[in-house]
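Asks:
Numbering (the working numbering), first residue to last: 1148 to 1671.
1. What's the gap between the Cα of residue 1248 and the Cα of residue 1414?
2. For residue 1564 versus residue 1636, is the C-beta spacing smaller than 8 Å?
3. Do we get a CB-CB distance below 8 Å when we pair residue 1539 with the residues of chain C?
4. Quick check: what's the CA-CA separation for residue 1487 versus residue 1480?
5. Assuming residue 1630 and residue 1612 form a contact by the criterion Cβ under 8 Å, report the distance between their Cβ atoms to the nearest whole angstrom.
6. Using C-beta distances below 6 Å, list every residue in its chain close to residue 1300, excluding the 5 sequence neighbours before and after it, in chain order.
7. Could you give the distance in angstroms between the alpha-carbon of residue 1639 and the alpha-carbon of residue 1600?
8. Alpha carbon to alpha carbon, how far is residue 1579 from residue 1502?
9. If we ignore side chains and look at the alpha-carbon of each, how far apart do residue 1357 and residue 1203 end up?
10. If you drop the 5 nearest sequence neighbours on each side, which residues of the same chain put their C-beta closer than 6 Å to that of residue 1403?
11. Roughly how many angstroms separate the alpha carbons of residue 1266 and residue 1243, rounded to a whole number?
12. Measure the alpha-carbon distance for residue 1645 versus residue 1590 and round it to whole angstroms.
13. Thinking C-beta only, is residue 1362 closer than 8 Å to residue 1350?
14. Which complete alpha helix (DSSP H) runs does the segment 1572-1621 hold, if anything under 4 residues is left out?
15. Helix, strand or coil: how does DSSP classify residue 1260 here?
16. Are the Cβ atoms of residue 1527 and residue 1495 separated by less than 8 Å?
17. Suppose only complete runs of 4+ residues qualify. What are the alpha helix (DSSP H) ranges in the segment 1302-1357, listed by chain order?
18. Please name the residue in 1462, 1170 and 1422 whose C-alpha comes closest to that of residue 1443.
19. Output the distance between the C-alpha atoms of residue 1149 and residue 1668, rounded to the nearest integer angstrom.
20. Quick check for students: name the residue ranges of the beta strand (DSSP E) that lie wholly in the segment 1622-1669, counting only runs of 3 or more.
21. What is the rounded straight-line gap between the Cα of residue 1561 and the Cα of residue 1615?
22. Once you ignore the five residues that flank residue 1477 on each side, which residues in its own chain have a CB closer than 8 Å to its CB?
23. Pull up the DSSP beta-bridge partners for residue 1561, would you.
24. Hey, quick one: how far does the beta strand (DSSP E) through residue 1234 stretch, first residue to last?
25. How many whole angstroms separate the CB atoms of residue 1431 and residue 1381, which I take to be in contact at a CB cut-off of 8 Å?
26. For residue 1100, does the count of other Cβ atoms within 10 angstroms reach 16, so buried, or fall short, so exposed?
27. Cα separation between residue 1656 and residue 1251?
Given below as structure tokens:
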């Protein structure tokens, strides 16, 4: 009798677990091009609790002009509007943002023939899709790259490393790229582009208000011997310039483009190399920065710091060494998985998510990402170098994920090691490799990623994992219903509290795409 009850309880638990993630709606989606740009893009955004807006490539290859469609859907997958757009070969749609009642599409123009670059924004009514205006936000002549001793450099992201391997002009070339960052309240939009042709590295910079009137502008120089990790605006439009030197010293400068006032804060170098800096605003005056630290290129741990610009001090500095428990967990998991090497080498880990909530609880997610290219050894600590931008063949290999949670007093709440293996051709970048991440209001840490159940490694499953934010215990690890066997496209995933929308395509370079909406709790 006891055994019968135990089996019954287990069956009921399994049934309720499966019902917790239900495929509520599925439909054919509009992506019909097999050649999707691999650089870091924002192609899909939530527009409230029941609708989303997406930009999909419907025609075009790696060269020539391309057609896109800007669409709005509700969660029953009913189309609210559909607007076809055409981009010539020298124009790359970069990212979507919803500000107030309008959708803004930022676009990079790289006229390689005439050596000119520009950033343009298109505004659309978020209800009807009607075009409201377009505006060139910045334009500049691109002169020849100049390498100089001690000259500052810019950090190479994994997406940049992938782009450097692909057909020139498919993604925006390095010297033609722009950066767009919005303040927390979206009242300020920072636009900048590096000029690599000068003896000293300079960023031509403009801050716009939400109506795209210029709020402040000027040139920002990056000091010699430093690596630039970018610039970020607060709600007042002040820049926060994040740099590090080769010895691991971290410098953040708050700079007012209008008044030229600045506040300089730094953390001195250590015996370990600090890499992969990520910035998060707590408010206009308090800023968190996370980084990994390495020895002989191997991950040793993570660190996060709090910069207080009102008090003009580094308010906290928390260092976490990778624990023996985490190392043992890694060894145990890898030894039972034939898809990965039995021992972790601890190379090429990147901070992929850095979350600081209003109570100053911190969650850091680190992921192993590598490029396997002949005669091109990849190093996560690399900087951008124009000499590396040559077409190459190879593979993207994305593996282990480490999750770390800390309380306001910097105590470790929990740590987790999650093993996965994702391998695909470099031409697909991390469109499907890596994961999409979310923390719900109810305290559920959630991740979804493309997986495979076949010997070829072709993505045909969508894996859903959930942890309890309070104690880090893994609550769910399961395959979502995926009748078409699509490979998740991470740029097309949106989380709501109890729903998840994802888009995928058949095969790594397939032309058929599918959109799925899942209920994350309860029955459909």
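Glycine residues also receive a C-beta, built at the ideal position from the N, C-alpha and C atoms.
Remember, it's a predicted structure, so these values are computed and weren't measured experimentally.
Replies: So, from the data block:
1. 41 Å
2. no
3. No chain C appears in the structure shown, which is made up of a single protein chain.
4. 10 Å
5. With a Cβ gap of about 21 Å, residue 1630 and residue 1612 do not count as contacting.
6. 1374 and 1530
7. 22 Å
8. 22 Å
9. 25 Å
10. 1385
11. 13 Å
12. 12 Å
13. no
14. none
15. coil
16. yes
17. 1305-1310
18. 1422
19. Confidence is the limiting factor: at residue 1149 the pLDDT is only 44, short of 50, which leaves the residue's position unreliable and the question unanswerable from this model.
20. 1634-1642, 1646-1652 and 1660-1666
21. 10 Å
22. 1491, 1547, 1564 and 1566
23. 1552
24. 1226-1234
25. 4 Å
26. The shown model of the chain, from 1148 to 1671, leaves out residue 1100, and the question about it has no answer.
27. 28 Å
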